[in-house]
Each structure stands twice: as structure tokens, then as C-alpha cells.
Amino acid sequence: MASPAFAVTDIAPAADKKAADRVQFETDQKAGVVRIVIDGREIARIDATGLYVHGDVAYTGTIADGLPLRVSTEGGDAK
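Taking UniProt numbering, the leading residue of the sequence shown gets 1, the next gets one more, and so forth.
What follows is the structure in C-alpha cells.
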């Protein structure tokens with residue numbers, strides 16, 4: 001069940017975006033949110049409280065809670 005803070009919305013493309021752009025990363029400085037929009041629909045949101053995804057999440061490896069996060073500077077996986 002999605003968090004109340006994460007309501008999936010249909011978002012019109014910004015005026016400076018090409019209509020053919022299927023995938024968009026939108027930043028909202030006022031709200032402190034990054035949105036991932038595909039085909040005009042918000043599918044993921046990152047804000048100060050975390051990452052919210054509408055739909056399935058597929059991954060390999062391990063998901064750990066509470067460990068310090070190290071992000072590789074070589075573009076690899078977060079560890």
C-alpha cells in the first residue's frame with residue numbers, strides 16, 4: 001500500500017520538454033522532491049523521507065536497513 005505522501009498523479013510535461021520525451025526526471029525545489037515520470041505518469045518519487053515507488057521493485061543483491069551507505073564513485077552499486 002502506498003504512503004499517503006505518495007499519490008500517483010498524471011503530470012503534464014513541462015513546457016520546455018519535448019512531447020516525445022517518454023521518461024522525465026522532474027525536480028521540485030520548493031517541495032524538495034525528485035519525480036520520475038514515464039509516459040506522463042509519476043512512477044517514483046524521492047523526498048527527504050525516502051523513496052516511493054508505484055509498482056513492482058525488482059533487484060539483485062541485498063537490501064539492508066540501518067547500515068551506512070557507501071556509494072561507489074565508479075558508477076557501481078551502492079554498498
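Yeah, the Cβ is synthetic: ideal placement off N, Cα and C, and Gly gets one too.
A residue is called buried when at least 16 other Cβ atoms come within 10 angstroms of its Cβ; Tyr52 meets this threshold and is buried. Asp47 is not a Cβ neighbour of Val57, given a cutoff of 7 angstroms.
Contact check for Ile43 against His54 passes: the beta carbons are separated by less than 7 angstroms. In the three-state reduction of the DSSP assignment, Ile43 falls in the strand class, which pools E and B. Following the DSSP letters along the chain, one finds Gly50 inside the beta strand (DSSP E) bounded by residues Gly50 to Val53. Distance from the CA atom of Gly50 to the CA atom of Gln29, rounded to whole angstroms, is 16 angstroms.
The straight-line gap separating the alpha-carbon atoms of Gly40 and Thr62 is approximately 31 angstroms.
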